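Novice:
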Amino acid sequence: MKEYTMTPSGYVAYLEAVSRRIRENKDYVTQLDAATGDGDHWANLNSGFEKVLQKKDSMKQMTFQQLFRSCGMDLMSGVGGSSGVLYGSAYLAAAKAAAQMETLDVAGLSQVLSAELEAIMARGNAKPGFKTMIDPLYQGTEAMKAALAEGKTDAEVLEALRNGAREGMEATAGMEAVRGRACYQADKGVGHLDPGAVTMYYQLDLLAACMKEGGEADA
Ligand code: ADP
Ligand code: MG
78 MKEYTMTPSG
88 YVAYLEAVSR
98 RIRENKDYVT
108 QLDAATGDGD
118 HWANLNSGFE
128 KVLQKKDSMK
138 QMTFQQLFRS
148 CGMDLMSGVG
158 GSSGVLYGSA
168 YLAAAKAAAQ
178 METLDVAGLS
188 QVLSAELEAI
198 MARGNAKPGF
208 KTMIDPLYQG
218 TEAMKAALAE
228 GKTDAEVLEA
238 LRNGAREGME
248 ATAGMEAVRG
258 RACYQADKGV
268 GHLDPGAVTM
278 YYQLDLLAAC
288 MKEGGEADA
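Residue numbering for the sequence shown follows our numbering, starting at 78 and increasing by one per position.
1) Run the CB neighbour count on residue 264, radius 10 Å, all protein chains shown included, and call it buried at 16 or more, exposed below.
2) Return the CA-CA distance between residue 211 and residue 202, expressed in angstroms with no decimal places.
3) For ligand 2, I want to know if residue 206 counts as a neighbour, meaning its beta carbon is within less than 7 Å of at least one of the ligand's heavy atoms.
4) Can the beta-carbon of residue 145 be found less than 8 Å from the beta-carbon of residue 172?
5) Would you mind stating whether residue 213 and residue 114 have Cβ atoms separated by less than 8 Å?
6) Name the two residues that bound the continuous alpha helix (DSSP H) containing residue 188.
7) Out of 218, 155, 249, 232, state which residue places its alpha-carbon closest to the alpha-carbon of residue 275.
8) With three or more C-beta pairs closer than 8 Å as the rule, is the region 148–156 touching the region 174–188?
9) Leaving out the 5 sequence neighbours to the left and right, which residues in its chain are closer than 6 Å to residue 294 when beta-carbon positions are compared?
10) How about residue 216 and residue 95: do their beta carbons lie closer than 8 Å?
11) Measuring CA to CA, which of 197, 267, 189, 157 is closest to residue 174?
12) Please report the Cβ distance between residue 191 and residue 225, rounded to the nearest whole angstrom; I am assuming they are in contact, meaning their Cβ atoms lie under 8 Å.
13) Name the two residues that bound the continuous alpha helix (DSSP H) containing residue 128.
14) Please name the residue in 107, 80, 98, 83 whose C-alpha comes closest to that of residue 269.
15) Report the residue from 252, 177, 97 whose alpha carbon sits nearest the alpha carbon of residue 205.
16) For residue 288 and residue 124, I'd like the C-alpha separation in whole angstroms.
17) For residue 83, name the three-state secondary structure that DSSP assigns.
18) State yes or no: is the C-beta of residue 156 within less than 8 Å of the C-beta of residue 164?
19) May I ask you to check if the CB of residue 41 is nearer than 7 Å to at least one heavy atom of ligand 2?
20) Mark residue 231 as exposed unless 16 or more other C-beta atoms lie within 10 angstroms of its C-beta, in which case mark it buried.
21) Hey, quick one: how far does the alpha helix (DSSP H) through residue 219 stretch, first residue to last?
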């Protein structure tokens, strides 16, 4: 059984992987938001992560608390749309949760993700099942917590996070939107994946992969 941990420098490598994954999926994510929203979700997130990574060299020297705070401030101020405010709030909550963490282990990651989930639900006044970025985060976090409680290995806990996140993302296709622009559509977006859920899944999938130190993400 291997114990996985991540350093701030490893987290910066993860952020670079996220930025790359978002860049590679420009057309797909833009089309998803064009179908149910206003088509800017890809551009919002892409510019957000580019802004965050402008500080990548100094971020590698930060504590997790400082690093998450830096991400939160940049995403909050530098990203348009709902997703900037929601991810900004998530990372500011992550900074509080990580106050004592020198490195991030699997249990710490679970605490950080739970804090992000709470922050996004509070800020967006939304819950699981509303067809948003919350769905993959909620299902991923729940699956991770259950695996931790069952004493599973780190690798199994991270696999639970990834699989739960994928299921939560996929489930948004069948949901009627209660929050976000899709709720103004006549069909409430039914039949379409939520773009914010897809990009949240990218991040959780890569988090699991990067935590396994260079393991391959599967999407
Ligand atoms: P905007 O909707 O302002 O154009 P984006 O396109 O960047 O912002 O982000 C849209 C995504 O944000 C949606 O796909 C959804 O996942 C998420 N979202 C929107 N509103 C909320 C909310 N109130 N709570 C949680 N997530 C939300
Ligand atoms: Mg949009």
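Beta carbons: idealized from backbone N, C-alpha and C, even for Gly. Please read these numbers as outputs of a predicted model, since none were measured by experiment.
Specialist: Considering the structure as presented:
1) exposed
2) If I take the Cα positions, the gap works out to 11 Å.
3) no
4) yes
5) no
6) 183–201
7) Nearest of 218, 155, 249, 232 to residue 275, Cα basis: 249.
8) no
9) Only weak support is given to the placement of residue 294: the predicted model assigns it a pLDDT of 45, under 50, and the value that follows is read from those uncertain coordinates. Taken in chain order, the residues that qualify are 282, 283, 286.
10) In this structure, residue 95 does not lie closer than 8 Å to residue 216 by Cβ.
11) 189
12) At roughly 11 Å, the Cβ-Cβ gap does not stay under 8 Å, so residue 191 and residue 225 are not in contact.
13) 118–130
14) 107
15) 252
16) 24 Å
17) strand
18) yes
19) Given that the chain is displayed from residue 78 to residue 296, the structure contains no residue 41 and the question cannot be resolved.
20) buried
21) Where residue 219 is concerned, the enclosing alpha helix (DSSP H) stretches over 211–226.
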